[in-house]
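Undergrad: Numbering (my numbering), first residue to last: 1 to 742. We treat Cβ as the ideally placed atom computed from N, Cα and C, and that holds for glycine. Just dropping this structure here.
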């Protein structure tokens, strides 16, 4: 008969950012440990978390372990018996260890030879006897960003027990009965405040609220349903979704009373729901005079510093009001609101002071102070970086993007001023606003939209998804200057830090170079949609120009150092971007083959070729042609690439069979149209032209033996296949396409 299992680990308050990961971890680790101990569960392990508890339960768990029967290998037969067949000590010892006679041992033939073996059988124990070991292993398995030592000890042979926060109680029930388990006080503990923690049938409700009795009193439970009901009665919403939905309702109701609506803040809402066990909302106001501050300053002060929700009017303008989330339900919320208002007002006074101080001089005047900020010990100050950014951004607009001189001048100005706000009082206090404040100050100084928006959005995009802000509509006429500045910033950082030896490893990336590379390739991949640029931009040219900027300043001995590592790193981030966008692995390999460097690589062109492969792949001719192309590539793998537009007349003159003459004719007739389509970035049409070669390629491999004895004929046939290979590889390496189900 199966019974339900309920586990609750009650502890000191856990950080909200830990809860999503811990909820998933607990379900995975407990499920795996139950499996390891041969306990059968019917259905998944379900888990939940609040700041004070981690909970997991299983609806149906077997009452006994599964019986164990396994073959245990012993010594090789050659080592187990002497020449006369007498058992050696190895055989005798193996038999004694498993409680059998030597004659009862089995002989098993393996790829390595014949070995002795014994079947070990073990009857399963009662589940209640195994669960303490399951819990001990699960507690050890849980990983936290930071562990705490709190004089705890487990009797599992490993001794000292650390956890994310000190554990205060444990509820552990199987079939409604307590499973005995204890976390012991470390014998060496100096404080008598640390006591043994024993499992029981008790949980605890809200720290301050209670339906009956006094807050903090223990609550006895008998089952999972009883547990959830009793927690609800004692003001604990166990599920994150419950707390989230309650918050949404309360925030909306209070915002309506204020005559507005809550500003959309999904990340804040998700976090706040894990800060409390029973969320309630109070409304507060601040003096309207602070609305003169930029919206970014007001929102950052409320959201990032106080975890308050701004309130907007119908025109999307901030109202002088906010909504705060509390962990208690009070009869006089205005008392809490008054304290919240005092704290927020004080923060806003600081922000206004910084704003006024920064506005006494234009943004341009702050460039001189960049000499006091070190970018990297081997790369100089931010003043040197600002000079490089201005030059590189202007070059990118004209030479890479094909922009106008006016756009290039705006990009150069934006690049030069991009880091100036790092010296401002506002950014020193509100570090989240770097870049944004530079854009705001540039706007206040009367610089045009192409300049201030490029500065304001320089740290975007933050992800590789196509919908990541900023959008072209939001950027307006600053689209091309923003793309140039944000690309220049990331290029300068990548080239400089790689040359300085700061190459990321699997566990180390202190300068966030992965994020920089992902932002760079994202900008270049989405140039038409966001930057309004349709021409492909080669990465090697961009990197070379960034290296030239360092060379001109002489801040590094060799700006090209680690160039190969940088190329492989950026290509890897480009592959990651395409994986996140749902392209198949073999499609990505066809466009970005192993060993692909930056030479001639355009992220936009790679995306267009991927889209073409995806579009043409369902056609009837494509998959068979890919298989034939793979065969052709394998045959000519040792033939070096040549100009795919070379004259085929010399090759055709040496060919004999009609099938190979037909393939040469088909290639000759379609090479020009394939090349024209590639030149126009119409890769779908190019692949359709390639697919039309299938009958000729198919016939060639049916009728022609490539490796003929005649050396001249063999070379001609290999040359013909090499032309085919090189013509198609200008679009994609079809030999990487694994098949329709890949």
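Sorted by chain position, which residues of the same chain lie with C-beta nearer than 7 Å to residue 741's C-beta, five sequence neighbours on each side aside?
TA: Position 741 of the chain shown holds residue 741. Legend: pLDDT at residue 741 = 44, less than 50; position of this residue unreliable, no value from coordinates given.
Undergrad: Would you kindly work out how many angstroms separate the C-alpha atoms of residue 419 and residue 370, rounded to a whole number?
TA: As a first step, residue 419 is located in the chain shown; it is residue number 419 there, counting from the start. As a first step, residue 370 is located in the chain shown; it is residue number 370 there, counting from the start. For residue 419 and residue 370, the distance between alpha carbons rounds to 8 Å.
Undergrad: Relative to the C-alpha of residue 292, which candidate in 318, 302, 512 has its C-alpha closest?
TA: Residue mapping note: residue 292 aligns to position 292 of the chain shown, counting from 1. The residue with the shortest Cα to Cα distance from residue 292 is 318.
Undergrad: Residues in its own chain within less than 7 Å of residue 374 by CB, not counting five upstream and five downstream?
TA: Counted from its first residue, the chain shown places residue 374 at position 374. Closer than 7 Å at Cβ, skipping near neighbours: 381.
Undergrad: What span of residues does the alpha helix (DSSP H) with residue 295 cover, start to end?
TA: In the chain shown, residue 295 corresponds to position 295, counting from 1. Taken as a continuous stretch (DSSP letters only), the alpha helix (DSSP H) holding residue 295 covers 295 to 300.
Undergrad: Roughly how many angstroms lie between the CA atoms of residue 695 and residue 634, to the nearest whole one?
TA: On the chain shown, residue 695 is found 695 positions in, with the first residue counted as 1. On the chain shown, residue 634 is found 634 positions in, with the first residue counted as 1. Each residue's alpha carbon lies about 19 Å from the other.
Undergrad: Where do the ends of the beta strand (DSSP E) carrying residue 200 lie?
TA: Position 200 of the chain shown, counted from the start, is the residue given in the question as residue 200. Residue 200 -> beta strand (DSSP E) spans 197 to 200.
Undergrad: Are the CB atoms of residue 613 and residue 594 nearer to each other than 8 Å?
TA: Locating residue 613 in the chain shown gives position 613, counting from the first residue. Locating residue 594 in the chain shown gives position 594, counting from the first residue. It is not a contact, given that the beta carbons lie outside the stated cut-off.
Undergrad: Could you name the residues of the same chain whose beta carbon sits closer than 8 Å to that of residue 661, not counting the 5 residues immediately before and after it, in chain order?
TA: Stepping through the chain shown from its first residue, residue 661 is reached at position 661. Here the set comprises 652, 655.
Undergrad: Measuring only the C-alpha atoms, how far is residue 424 from residue 444?
TA: Counted from its first residue, the chain shown places residue 424 at position 424. Counted from its first residue, the chain shown places residue 444 at position 444. For residue 424 and residue 444, the distance between alpha carbons rounds to 15 Å.
Undergrad: For residue 31 and residue 562, what's the separation of their Cα atoms in angstroms?
TA: Here residue 31 refers to the residue found at position 31 when the chain shown is read from its first residue. Here residue 562 refers to the residue found at position 562 when the chain shown is read from its first residue. Looking at the two C-alpha atoms, the distance is approximately 45 Å.
Undergrad: What's the C-alpha gap between residue 94 and residue 27?
TA: The residue labelled residue 94 in the question sits at position 94 within the chain shown. The residue labelled residue 27 in the question sits at position 27 within the chain shown. Cα-Cα distance, rounded: 39 Å.
Undergrad: So, for residue 507: in the same chain, excluding its five sequence neighbours on each side, which residues have a beta-carbon less than 7 Å away from its beta-carbon?
TA: By one-based count along the chain shown, residue 507 stands at place 507. Excluding sequence neighbours, residue 507 sits near nothing in its chain.
Undergrad: How long is the line joining the alpha carbons of residue 128 and residue 179, rounded to whole angstroms?
TA: As a position in the chain shown, residue 128 is number 128, starting the count at 1. As a position in the chain shown, residue 179 is number 179, starting the count at 1. Going by the C-alpha atoms only, they are around 6 Å apart.
Undergrad: How close, in whole Å, do the beta carbons of residue 224 and residue 4 come, if the pair is a contact with beta carbons under 8 Å?
TA: As a first step, residue 224 is located in the chain shown; it is residue number 224 there, counting from the start. As a first step, residue 4 is located in the chain shown; it is residue number 4 there, counting from the start. Contact holds; Cβ gap of about 6 Å.
Undergrad: Leaving out the 5 sequence neighbours to the left and right, which residues in its chain are closer than 6 Å to residue 626 when beta-carbon positions are compared?
TA: Along the chain shown, read from residue 1 onward, the residue named residue 626 stands at position 626. So the qualifying residues of the chain are 734, 737.
Undergrad: Taking the alpha helix (DSSP H) that residue 609 belongs to, which residues open and close that run?
TA: For the purposes of this step, residue 609 is taken as the residue at position 609 of the chain shown. Unbroken alpha helix (DSSP H) run through residue 609: 603 to 616.
Undergrad: Would you call the CB atoms of residue 668 and residue 703 closer than 8 Å?
TA: Position 668 of the chain shown, counted from the first residue, corresponds to residue 668. Position 703 of the chain shown, counted from the first residue, corresponds to residue 703. No, these two residues do not count as a Cβ contact at 8 Å.
Undergrad: Quick check on residue 10: does DSSP put it in helix, strand or coil?
TA: The count along the chain shown starts at 1 and reaches residue 10 at position 10. DSSP places residue 10 in strand when its eight states are reduced to three.
Undergrad: Taking only three categories from DSSP, how would you classify residue 742?
TA: Residue numbering aside, residue 742 sits at position 742 when the chain shown is read from its first letter. Any reading at residue 742 must be qualified, since the residue scores a pLDDT of 41, below 50, and its modelled position is unreliable; no value is offered.
Undergrad: Just tell me which of 176, 401, 183 has its CA closest to the CA of residue 157.
TA: For the purposes of this step, residue 157 is taken as the residue at position 157 of the chain shown. It is 183 whose Cα lies nearest to the Cα of residue 157.
Undergrad: Reducing DSSP to helix, strand and coil, say where residue 41 ends up.
TA: Stepping through the chain shown from its first residue, residue 41 is reached at position 41. Residue 41 falls in the strand class under three-state DSSP.
Undergrad: Under three-state DSSP, which class holds residue 380?
TA: Indexing the chain shown from 1 puts residue 380 at position 380. Here residue 380 sits in strand by DSSP.
Undergrad: Quick one: give me the first and last residue of the beta strand (DSSP E) that residue 184 is part of.
TA: As a first step, residue 184 is located in the chain shown; it is residue number 184 there, counting from the start. In the DSSP annotation of this structure, the continuous segment of the beta strand (DSSP E) that includes residue 184 starts and ends at 182 to 185.
Undergrad: When the Cα atoms are used, what is the spatial distance from residue 640 to residue 715?
TA: One-based indexing of the chain shown puts residue 640 at position 640. One-based indexing of the chain shown puts residue 715 at position 715. One C-alpha to the other measures close to 13 Å.
Undergrad: Would you call the segment 426 to 445 and the segment 353 to 363 touching, i.e. three or more CB-CB distances under 8 Å?
TA: yes
Undergrad: Can you tell which of 472, 12, 61, 682 has the C-alpha that lies nearest to the C-alpha of residue 49?
TA: Numbered from its first residue, the chain shown carries residue 49 at position 49. Nearest of 472, 12, 61, 682 to residue 49, Cα basis: 12.
Undergrad: Output needed for residue 171: all residues of its chain with C-beta closer than 6 Å, excluding positions within five of it in sequence on either side, in chain order.
TA: As a first step, residue 171 must be located in the chain shown, where it is residue number 171. The beta carbon of residue 171 sits closer than 6 Å to the beta carbons of 8, 203 from its chain, once the five residues preceding and following it are set aside; these are given in chain order.
Undergrad: Could you give the DSSP three-state label for residue 694: helix, strand or coil?
TA: For the purposes of this step, residue 694 is taken as the residue at position 694 of the chain shown. If DSSP states are grouped into helix, strand and coil, residue 694 belongs with the helices.
Undergrad: With DSSP collapsed to three states, give me the class of residue 455.
TA: The residue given as residue 455 occupies position 455 in the chain shown. Helix.
Undergrad: Kindly list the residues whose CB is nearer than 8 Å to the CB of residue 525, restricted to its own chain and excluding five residues on each side of it in sequence; keep chain order.
TA: Indexing the chain shown from 1 puts residue 525 at position 525. Leaving aside the five residues that flank residue 525 on each side, the residues in its chain whose CB is nearer than 8 Å to its CB run, in chain order, 574, 577, 603, 604, 606, 607.
Undergrad: Using 10 angstroms around the beta-carbon of residue 385, count the other beta-carbons present and answer buried if the total reaches 16, otherwise exposed.
TA: The sequence position of residue 385 within the chain shown is 385, counting from 1. So residue 385 counts as buried.
Undergrad: Among all the DSSP beta bridges, which residues are the ones paired with residue 169?
TA: In the chain shown, the residue the question calls residue 169 occupies position 169. DSSP, once it has assigned bridges, lists 10 as partnering residue 169.
Undergrad: Flag this pair as touching only if the segment 517 to 535 and the segment 444 to 455 have three or more C-beta atom pairs under 8 Å; answer yes or no.
TA: Not touching, per the Cβ criterion.
Undergrad: Could you tell me the alpha carbon to alpha carbon distance between residue 189 and residue 16, rounded to whole angstroms?
TA: As a working note, residue 189 is residue 189 in the chain shown. As a working note, residue 16 is residue 16 in the chain shown. So the two alpha carbons sit approximately 29 Å from each other.
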